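Each residue of the sequence shown is one higher than the one before, starting from 1 at the first, in the UniProt record's numbering.
One structure is given here, and the rest of the page talks about it.
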Amino acid sequence: MTETRIARVALPGPLDELFDYLPGVMGHPEPGTRVLVPFGRSRRVGILVEYAAECGCDPSRLKPVERALDPRPLFAPADLTLIRWAARYYRHPLGDALFTALPARLREPGPLLASGVAAIRLTAAGAALTPAELARAPRQQALLARLLDSPEGVAQHNLDEELGGITSALRALRAKGVVESCRLASGAVASADSSAVSAAPELNPEQAAALAAVSEALGGFRPFLLDGITGSGKTEVYIRAIAEVVAAGGQALVMVPEIGLTPQLRERFRTRLPGPLAVLHSALAAGERERAWHQASSGEAPVVLGTRSAVFVPLPRLALIVVDEEHDPSLKQQEGFRYSARDLAVRRAQLVGCPVVLGTATPALETLHNVTAGRYHRLSLPRRAGGARPPTINLLDIRNQPLRAGLSPVLRERMHAALAAGGQVLLLLNRRGYAPVLTCHSCGWVGVCPDCDARMTLHLGERRLWCHHCGRIESVPHDCPQCGGPDLRMLGRGTERLEEGLTELFPGVRIARIDRDSTRRKGELTRLLAAVHRGEVQILLGTQMLAKGHDFPGVTLAGVIDLDHALYASDFRAPERTAQLIVQVAGRAGRAERAGEVVLQTRHPEHPLLQSLLREGYGGFARAALAEREAAQLPPFTYLALLRAEAPEQEAALAFLAAARAHAEPLCSPEVELLGPVPAPLSRRAGRHRAQLLVQCAQRPALQHFLAHWTPALRALRRIKGVRWSLDVDPQEMV
Ligand code: ADP
Ligand code: ZN
Ligand code: ZN
Numbered sequence: 001m002t003e004t005r006i007a008r009v010a011l012p013g014p015l016d017e018l019f020d021y022l023p024g025v026m027g028h029p030e031p032g033t034r035v036l037v038p039f040g041r042s043r044r045v046g047i048l049v050e051y052a053a054e055c056g057c058d059p060s061r062l063k064p065v066e067r068a069l070d071p072r073p074l075f076a077p078a079d080l081t082l083i084r085w086a087a088r089y090y091r092h093p094l095g096d097a098l099f100t101a102l103p104a105r106l107r108e109p110g111p112l113l114a115s116g117v118a119a120i121r122l123t124a125a126g127a128a129l130t131p132a133e134l135a136r137a138p139r140q141q142a143l144l145a146r147l148l149d150s151p152e153g154v155a156q157h158n159l160d161e162e163l164g165g166i167t168s169a170l171r172a173l174r175a176k177g178v179v180e181s182c183r184l185a186s187g188a189v190a191s192a193d194s195s196a197v198s199a200a201p202e203l204n205p206e207q208a209a210a211l212a213a214v215s216e217a218l219g220g221f222r223p224f225l226l227d228g229i230t231g232s233g234k235t236e237v238y239i240r241a242i243a244e245v246v247a248a249g250g251q252a253l254v255m256v257p258e259i260g261l262t263p264q265l266r267e268r269f270r271t272r273l274p275g276p277l278a279v280l281h282s283a284l285a286a287g288e289r290e291r292a293w294h295q296a297s298s299g300e301a302p303v304v305l306g307t308r309s310a311v312f313v314p315l316p317r318l319a320l321i322v323v324d325e326e327h328d329p330s331l332k333q334q335e336g337f338r339y340s341a342r343d344l345a346v347r348r349a350q351l352v353g354c355p356v357v358l359g360t361a362t363p364a365l366e367t368l369h370n371v372t373a374g375r376y377h378r379l380s381l382p383r384r385a386g387g388a389r390p391p392t393i394n395l396l397d398i399r400n401q402p403l404r405a406g407l408s409p410v411l412r413e414r415m416h417a418a419l420a421a422g423g424q425v426l427l428l429l430n431r432r433g434y435a436p437v438l439t440c441h442s443c444g445w446v447g448v449c450p451d452c453d454a455r456m457t458l459h460l461g462e463r464r465l466w467c468h469h470c471g472r473i474e475s476v477p478h479d480c481p482q483c484g485g486p487d488l489r490m491l492g493r494g495t496e497r498l499e500e501g502l503t504e505l506f507p508g509v510r511i512a513r514i515d516r517d518s519t520r521r522k523g524e525l526t527r528l529l530a531a532v533h534r535g536e537v538q539i540l541l542g543t544q545m546l547a548k549g550h551d552f553p554g555v556t557l558a559g560v561i562d563l564d565h566a567l568y569a570s571d572f573r574a575p576e577r578t579a580q581l582i583v584q585v586a587g588r589a590g591r592a593e594r595a596g597e598v599v600l601q602t603r604h605p606e607h608p609l610l611q612s613l614l615r616e617g618y619g620g621f622a623r624a625a626l627a628e629r630e631a632a633q634l635p636p637f638t639y640l641a642l643l644r645a646e647a648p649e650q651e652a653a654l655a656f657l658a659a660a661r662a663h664a665e666p667l668c669s670p671e672v673e674l675l676g677p678v679p680a681p682l683s684r685r686a687g688r689h690r691a692q693l694l695v696q697c698a699q700r701p702a703l704q705h706f707l708a709h710w711t712p713a714l715r716a717l718r719r720i721k722g723v724r725w726s727l728d729v730d731p732q733e734m735v
């Protein structure tokens with residue numbers, strides 16, 4: 001008799017602690033296995049996290065685990081370590097974090113996805129039997145003996161062949177809970193049609209040097225920043241490094257901010273790399289997602305391309321991680337489990353001991369700071385691959401200029417010239433809808449959202465007022481709701497209105513608009529992009545969606561219509577985001593033989609950010625911005641955690657935060673600073689008032705230490721009716 005070991009199980013939900021059970025009939029499967037456990041009066045699916053020699057209570061009062069649900073652990077030790085680390089770092093309940101990493105269906109007690117060949121295997125109870133115990137039923141006994149030989153299961157057709165006529169014996173064993181159905185991997189792993197693997201260009205010297213650095217690092221932890229302008233051939237470097245990893249039998253994980261926006265990237269991976277490509281993102285149907293997860297976690301797919309949640313996908317032979325567009329804020333999960341997939345990618349690489357490549361044309365200031373500090377190794381691709389020339393960037397002062405459709409005379413003239421020369425024009429306006437404000441010219445009424453501290457945007461095509469914060473929709477009033485007057489006016493300009501204006505200014509020119517509204521229908525984005533590539537579109541306008549990873553080789557002129565509101569936004573990251581957007585958009589122009597031109601319309605041409613960007617490019621901007629951050633003691637020179645609270649009444653939200661602050665004060669070491677509580681910049685959303693308390697600290701460990709003591713206190717705080725709160729470690733958005 002071995003000592004009683006306690007099985008410690010994580011359950012989904014807002015439960016911070018692990019729950020203790022006796023292993024019972026399940027024996028001692030490895031941690032990372034799902035288990036079915038009694039919980040209160042119900043049963044729950046949990047994940048076995050670890051064994052302990054003892055528990056804080058009398059073991060005789062513990063209940064046994066009902067059974068193990070998986071024939072093998074779903075998480076390898078390194079996967080478990082990563083998720084436990086992430087849950088602790090971001091102060092999120094472990095059970096919830098673990099289930100975030102699994103296909104949704106596995107929250108239910110059902111078996112892993114049925115892929116492969118139908119097979120039969122013993123349950124844990126069955127595996128504990130000996131054939132002698134079934135001596136009175138010889139067919140069942142024979143089956144049991146055969147299955148004991150193959151714990152992973154035996155294909156049903158093999159059992160039929162070997163033993164013959166097993167149907168009733170199987171049914172009996174199933175009824176006793178001795179056997180269960182399972183699937184066996186079909187063995188032959190499908191590999192890409194090698195004739196489809198398209199030709200690779202010869203690397204230029206910088207690409208070759210970057211590739212060599214990554215390949216030399218294989219087999220050990222090393223973080224790289226692959227800092228290369230758009231079109232410099234970063235993706236080509238990823239592909240070569242991945243091909244090397246795959247040829248050596250490893251797996252590569254590639255993370256991108258939004259897959260739906262990058263069909264081109266997916267196609268390049270499919271055609272250039274062998275083996276099935278597992279694609280994982282949230283827009284997939286649950287079944288597709290689970291199949292891809294399975295291909296990845298079983299090791300069948302050598303390459304996994306996914307959005308942020310892919311950082312948790314178990315990969316038995318992980319040998320390389322790539323994070324493309326590492327600066328993109330959508331790599332940070334903004335609700336629930338608020339993790340940074342980029343930062344976790346680095347942590348994961350460290351845990352498994354492999355290189356991680358963070359690629360971008362516009363590195364996040366945090367990442368550049370890590371380079372300066374010597375933590376990340378920088379690889380530069382300073383010129384465009386294939387010899388294409390980078391665009392020139394010009395500031396266009398539009399003060400006192402007669403604008404038509406928001407376009408200054410100079411921009412209009414450049415557009416005509418570009419079109420006449422057979423080029424395509426790209427216009428960025430980062431605001432969708434027709435007009436951001438609907439107002440009454442007689443009494444000053446403004447269409448505001450009744451539930452938010454925000455104006456409603458007019459969408460003329462759909463004839464509605466739409467709140468972009470809570471999604472509330474109202475019909476467009478015919479007369480003023482306040483004074484009844486007829487003179488309602490639309491102020492400002494969104495992409496819909498820009499499109500209308502362009503149609504008038506450029507009659508006969510084919511125009512396409514790309515924003516969330518115009519691409520809502522499935523397949524529409526791909527269709528629009530294809531039309532652009534075939535040259536069927538001459539002017540392409542849209543929101544920041546245009547700056548995300550598409551190549552527009554025919555574009556020779558890019559215009560940014562309205563920079564100014566972004567320059568003076570309240571978020572301290574606004575300048576960084578704006579600079580990234582400009583440089584990303586500029587990178588779309590003039591990729592082929594023709595050099596491109598970028599025109600930025602502004603009323604603040606003297607703005608230091610624009611000036612440093614113009615004179616010294618993104619690198620110069622980043623140096624200036626980092627100096628400002630250091631002077632202001634903002635990240636990456638300090639570390640932040642943001643406690644948000646919301647409630648039907650502002651007082652309740654503030655009261656909660658005041659109580660939270662009172663609990664924080666005695667826990668604060670001198671370097672931890674508390675700022676607030678204050679109402680949030682968007683002080684009301686969807687009918688709820690919002691407030692926040694900021695924690696700032698010069699050292700990450702001190703902040704972590706503080707949070708580790710503070711979060712339990714927060715969870716134990718007396719509940720204030722209607723208050724919901726969340727903690728965001730390393731917040732990316734301060735709204
Ligand atoms: P990035 O990912 O940095 O934007 P890509 O890898 O997509 O750059 O390369 C941009 C374009 O240049 C692609 O069409 C790619 O096929 C091509 N390209 C990349 N490397 C080379 C090279 N060494 N020689 C010629 N063309 C290249
Ligand atoms: Zn009015
Ligand atoms: Zn609203």
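Ideal placement from N, C-alpha and C gives every residue a C-beta, glycine not left out.
Fair warning: this is a prediction, and the values are worked out from it, not measured in the lab.
- A check of alpha carbon separations from glutamate 536 across Gly559, Ala574, His663, Ala512 identifies Ala512 as the nearest.
- Any heavy atom of ligand 3 counts here; residues with a Cβ closer than 5 Å to one of them, in chain order, are Cys449, Asp451, Cys452, Cys467, His469, Cys470, Arg472.
- With respect to aspartate 479, threonine 360 sits apart: the two C-beta atoms are not nearer than 8 Å.
- For alanine 319, the closest alpha carbon among the candidates Glu108, Leu218, Val446, Ala547 is that of Leu218.
- Looking at the DSSP output, valine 237 bridges to nothing.
- A residue is called buried once 16 or more other Cβ atoms fall within 10 Å of its Cβ, and histidine 709, having fewer, is exposed.
- When DSSP reads this structure, valine 356 sits in a beta bridge with Pro223, Ile321.
- Under the three-state reduction of DSSP output, asparagine 430 falls in the coil class, being neither helix nor strand.
- A contact between stretches requires three or more CB pairs, one per stretch, nearer than 8 Å, and the segment 458-474 fails this requirement with the segment 405-422.
- Taken through DSSP and simplified to helix, strand or coil, serine 168 comes out as helix.
- Note on lysine 234: 16 or more other CB atoms within 10 angstroms of its CB, so buried under the neighbour-count rule.
- Taken atom to atom, the span from the alpha-carbon of valine 585 to that of leucine 546 is near 7 Å.
- Excluding sequence positions up to five before and after arginine 431, its CB lies within less than 6 Å of the CB of Gly494, all in the same chain and listed in chain order.
- Between ligand 2 and glycine 447, a heavy atom-to-CB distance of less than 7 Å is absent.
- Between the beta-carbon of arginine 378 and that of leucine 225 there is about 5 Å, and that keeps the pair under the 8 Å contact cut.
- The three-state secondary structure of methionine 415, taken from DSSP, is helix.
- Annotation: alanine 52 to alanine 104 spans about 28 Å, alpha carbon to alpha carbon.
- Under the 8 Å Cβ criterion, the segment 567-574 does not count as touching the segment 613-626, having fewer than three qualifying pairs.
- Within the chosen limit of 7 Å, ligand 1 reaches the beta carbon of proline 201 through at least one heavy atom.
- Distances from the alpha-carbon of arginine 661 to those of Leu694, Phe269, Asp730 put Leu694 closest.
- In this structure, DSSP gives tryptophan 710 a helical state, which the three-state scheme calls helix.
- Per DSSP, the beta bridge partners of glycine 228 are Leu381.
- Within the chosen limit of 7 Å, ligand 1 does not reach the beta carbon of alanine 653 with any heavy atom.
- It is roughly 9 Å from the alpha-carbon of arginine 724 to the alpha-carbon of phenylalanine 656.
- Only buried fits cysteine 467, as 16 or more other CB atoms lie within 10 angstroms of its CB.
- DSSP lists Ala119 as the bridge partner or partners of cysteine 182.
- Taken atom to atom, the span from the alpha-carbon of alanine 417 to that of isoleucine 582 is near 22 Å.
- Here the segment 134-145 does not lie against the segment 310-319, with fewer than 3 beta-carbon pairs under 8 Å apart.
- Annotation: the segment 17-67 contains the following complete segments of the beta strand (DSSP E) (minimum length 3 residues), in chain order: 19-21, 34-39, 42-52.
- Taking a 10 Å sphere around the C-beta of lysine 548, we find 16 or more other C-beta atoms and assign the residue as buried.
- By the neighbour-count criterion, in which 16 or more other beta carbons inside 10 Å mark a residue as buried, proline 151 falls on the exposed side.
- Contact between leucine 18 and arginine 8 is confirmed by a C-beta separation of about 4 Å, below the 8 Å threshold.
- Spatial neighbours of proline 14 in its own chain (CB-CB distance under 6 Å, excluding positions within 5 residues in sequence) are listed in chain order as Pro93.
- Less than 8 Å separates the beta-carbon of leucine 22 from that of leucine 62.
- By the beta-carbon neighbour count (other beta carbons within 10 angstroms, threshold 16), threonine 372 is exposed.
- If you check the C-beta of cysteine 440 against ligand 2, you find a heavy atom less than 7 Å away.
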